[in-house]
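A.B. asks:
In this note's numbering, the protein residues as written are -2 to 180.
In C-alpha cells:
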C-alpha cells in the first residue's frame, strides 16, 4: 500500500520535469533563430568616451581625495612628532624622579645621622643638663629625643625634669604608636 502513493509522486515529478525541459527547449530554438549570425563583441578600445561632466566629477573627486590624503599624512607626521616629544618628556621625568629619590635618600640619611649624633651628645651629657635642655624644648621634640636615647640615659633625664613635663613626654612616647595597626 505504501508503494502506490510514492509511485504517484514520482510519476508527477517526472512529468513536471519533462514539461519544463520542453519549454526550455522551445525557448532556445526561438532565441537561436532570432540571434544574428555573427555576434559582434565590442573591444575595450571601442568604448565610448565618458560624458564631460562625469569625467570632471571624477577628476574633482580624485583631487579632493588627494588633498584629504595629504592632510592625513600631515596629521600622522604631527602625531609622530608629538609622540616622540611625549616619550622624551617621560624619559626626562623618570630621570628627574630617580634624581629626586637619590636626593631624598641622601637627605634622609644625613638627617638620621644628625639625629643619631645629637642623641649621642644628649646621652653623654650629665643627666641634670640633659633634663634642663629637654624641658626647654617643645614636648613633641623632647619626646623624639628621649625615644631614641638608651633607656638608662632617658631614665636619668626624665628623673631630673619637672613631674608635669616628664609626664607629658612619657604620655606622648607611650601613645605615639597607639593607632598603629596590630595585624
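By construction, the Cβ of each residue, glycine as well, lies at the ideal position given by its N, Cα and C atoms.
#1: Which two residues bound the contiguous alpha helix (DSSP H) that contains residue 148?
#2: What are the start and end residues of the alpha helix (DSSP H) that includes residue 162?
#3: Less than 9 Å separating the beta-carbons of residue 128 and residue 103?
#4: Looking at the unbroken alpha helix (DSSP H) that takes in residue 45, where does it start and where does it end?
#5: Using the rule of at least 16 other Cβ atoms within 10 Å of the residue's Cβ for burial, across every protein chain shown, is residue 142 buried or exposed?
#6: Is there contact here, the region 76 to 86 with the region 104 to 112, by at least three beta-carbon pairs under 8 Å?
#7: Between the region 92 to 102 and the region 113 to 133, do three or more beta carbon pairs fall short of 8 Å?
#8: Helix, strand or coil, according to DSSP, for residue 71 in the structure here?
#9: Please state the DSSP three-state secondary structure of residue 178.
#10: Run through the region 72 to 120 for me and flag every whole beta strand (DSSP E) of 3 or more residues, listed as ranges in chain order.
#11: If you reduce the DSSP assignment to three classes, tell me which class residue 135 lands in.
#12: Would you tell me roughly how many angstroms separate the C-alpha atoms of residue 113 and residue 74, rounded to the nearest one?
C.D. replies: With the structure as the only source:
#1: 148 to 156
#2: 160 to 172
#3: no
#4: No alpha helix (DSSP H) holds residue 45; DSSP gives it neither H nor E.
#5: buried
#6: no
#7: no
#8: helix
#9: coil
#10: none
#11: coil
#12: 58 Å
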